[in-house]
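First comes the structure, then the notes that go with it.
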Ligand code: UDP
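In our numbering, the protein residues as written are 4 to 419.
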């Protein structure tokens with residue numbers, strides 16, 4: 004039921020110089036206090052989506068810093084993931100409710116999962132997102148906290164507008180946790196009174212292959228291989244094929260922008276995550292909408308990390324037209340690559356895109372189109388925004404800052 008993910012070897016020492024010295028030393032000092040702490044992380048999948056992305060870089064570093072970390076993921080199970088995708092949607096505000104049978108399936112799975120977690124083996128158990136969230140509630144409390152184990156729930160989604168039928172259940176499932184972590188304070192579910200709360204935004208790993216800065220000439224050559232004409236302007240959205248990422252809205256924005264920028268190309272670069280059964284349906288709709296349209300490239304599961312990086316480096320403008328967005332690592336990555344980002348004013352996007360400085364916050368396709376055309380016609384402004392965006396990521400959204408915040412919170416819980 005739980006599968007262990009192998010952690011690559013990484014050295015925190017390599018981050019010296021990547022972030023301010025004070026932050027680097029603070030991380031070492033905090034980690035020293037947690038040396039040997041046994042920490043289990045459980046999330047849905049090790050591939051696809053932002054959570055896997057973050058854990059892949061953060062956990063090996065925590066290990067190198069002296070914590071005894073284990074990363075375990077759920078074995079894929081279609082029925083369960085169909086239900087949890089709907090739970091994810093419901094927590095993001097979708098009106099469709101689950102049937103009693105579906106809730107039963109969710110709880111049964113979590114009860115079984117609880118049976119596979121031996122709390123006595125861990126000092127901290129960190130559960131990510133809704134899929135395994137109810138495991139603690141399903142476990143006899145004496146067993147769960149037998150050795151003073153601290154349970155943390157880390158929410159990566161935008162739950163500000165949660166549908167009450169999901170919210171009320173989760174208030175119950177989350178009540179026994181020792182600590183809750185949200186990306187933004189406004190995501191805290193109504194009615195939930197956490198014993199301890201932390202607000203910690205995400206981060207990207209500047210040394211991960213996928214975030215290493217790429218020579219524009221190399222990027223140009225890579226996108227060319229996908230059929231893009233590197234001499235004509237390109238806008239791009241990198242995102243899973245998911246209704247909340249609104250790929251159809253991006254197509255609409257591009258269609259409008261093309262009226263002002265003839266020859267403008269659009270690339271929708273996306274992968275499908277193994278816990279997301281909805282992906283195929285959305286992709287089908289996107290493919291239909293793209294049919295017969297020149298200069299529109301739908302690249303589903305075709306772009307590896309390097310290719311994603313190439314698109315984020317080469318595109319004149321990166322769009323993130325999400326309707327909901329927990330944090331939006333694709334936004335961080337694009338800003339880091341020095342591209343201006345045009346994003347909706349939802350979730351974690353306004354935390355990252357400063358309107359008029361590193362890009363623009365927009366509401367609908369018409370505004371996205373107007374801003375896109377504006378930036379493509381004014382490459383100097385676009386470049387200045389790109390530089391500003393890169394510097395803001397360096398200051399706020401790199402992995403060592405995330406590690407510092409996570410360690411601090413664990414220490415707070417340990418000292419309770
Ligand atoms: N991603 C990728 N290939 C794709 C699409 C996305 O590697 O074709 C990565 C992307 O670079 C980012 C992550 O998946 O690191 C998506 O994280 P984000 O927070 O933007 O969204 P989520 O999928 O978690 O909602």
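All C-beta atoms in this analysis are idealised placements derived from N, C-alpha and C, irrespective of residue type, glycine included. Fair warning: this is a prediction, and the values are worked out from it, not measured in the lab.
In this structure, the CA atom of residue 87 is about 17 Å from the CA atom of residue 50. Taking the Cα of residue 328 as reference, the smallest distance to any Cα among 57, 247, 211 and 227 is reached at 247. Here DSSP, grouped into helix, strand and coil, assigns residue 358 to strand.
Per the Cβ contact rule, the region 262-281 is not in contact with the region 189-197 (fewer than 3 Cβ pairs under 8 Å). Distance between residue 165 and residue 91, taken at the CA atoms: about 9 Å. Contact between residue 155 and residue 176 fails: their C-beta atoms lie close to 14 Å from each other, not under 8 Å. In this structure, the beta-carbon distance from residue 99 to residue 412 does not fall below 9 Å. Residue 300 and residue 323 do not touch by the CB rule: their CB atoms are close to 17 Å apart, not below 8 Å.
Relative to the non-hydrogen atoms of the ligand UDP, the Cβ of residue 334 comes within a distance shorter than 8 Å of at least one.
If you check the C-beta of residue 306 against the ligand UDP, you find a heavy atom less than 8 Å away. For residue 164, the CB stays at least 8 Å from every heavy atom of the ligand UDP. Considering only 387, 120 and 124, the residue with the shortest C-alpha distance to residue 139 is 120. Put simply, the region 328-340 does not touch the region 249-256. Fewer than three CB pairs are less than 8 Å apart. Excluding residues up to 5 positions away in sequence, 70 and 126 lie with their Cβ nearer than 6 Å to the Cβ of residue 40 in the same chain. With a cutoff of 9 Å on beta-carbon distance, residue 201 and residue 184 are scored as near each other. A straight-line Cα-Cα distance of about 17 Å links residue 368 and residue 245. In this structure, residue 217 sits away from residue 306, with a CB-CB distance that is not shorter than 9 Å. In this structure residue 402 is buried. Its beta-carbon is surrounded by 16 or more other beta-carbon atoms within 10 angstroms. Looking at the DSSP output, residue 153 shares a beta bridge with 127. Beta-bridge partners assigned by DSSP to residue 401: 207. Contact holds between the region 74-87 and the region 44-58, because three or more Cβ pairs, one in each stretch, are under 8 Å apart. Residue 93 is classed as buried because its beta carbon has at least 16 other beta carbons within 10 Å across all chains shown.
Between the alpha carbons of residue 372 and residue 397 lies a gap of roughly 28 Å. Between residue 407 and residue 5, the beta carbon gap of about 28 Å keeps them out of contact (Cβ cut-off 8 Å). The DSSP-derived three-state label of residue 59 is helix. Per DSSP, residue 95 lies in no beta strand (DSSP E) segment and is marked neither H nor E. Uninterrupted alpha helix (DSSP H) stretches at least 4 residues long and entirely within the region 26-87 occur at 53-67, given in chain order. Per DSSP, the continuous alpha helix (DSSP H) segment holding residue 380 begins and ends at 368-380. The Cβ atoms of residue 342 and residue 282 do not sit closer than 9 Å to each other.
Here residue 189 is not bridged, per DSSP, to any residue. Annotation: residue 273 is outside any alpha helix (DSSP H); the continuous beta strand (DSSP E) that includes it extends over 268-273.
When C-alpha distances from residue 116 are compared across 271, 143, 96 and 383, the shortest belongs to 143.
When DSSP states are grouped into helix, strand and coil, residue 262 belongs to the helix group. Distance from residue 362 to residue 345 at the Cβ level is roughly 6 Å; contact confirmed, criterion being Cβ atoms closer than 8 Å. As the crow flies, the alpha-carbon of residue 31 is around 39 Å from that of residue 223. A buried status is given to residue 356, since no fewer than 16 other beta-carbon atoms sit within 10 Å of its beta-carbon.
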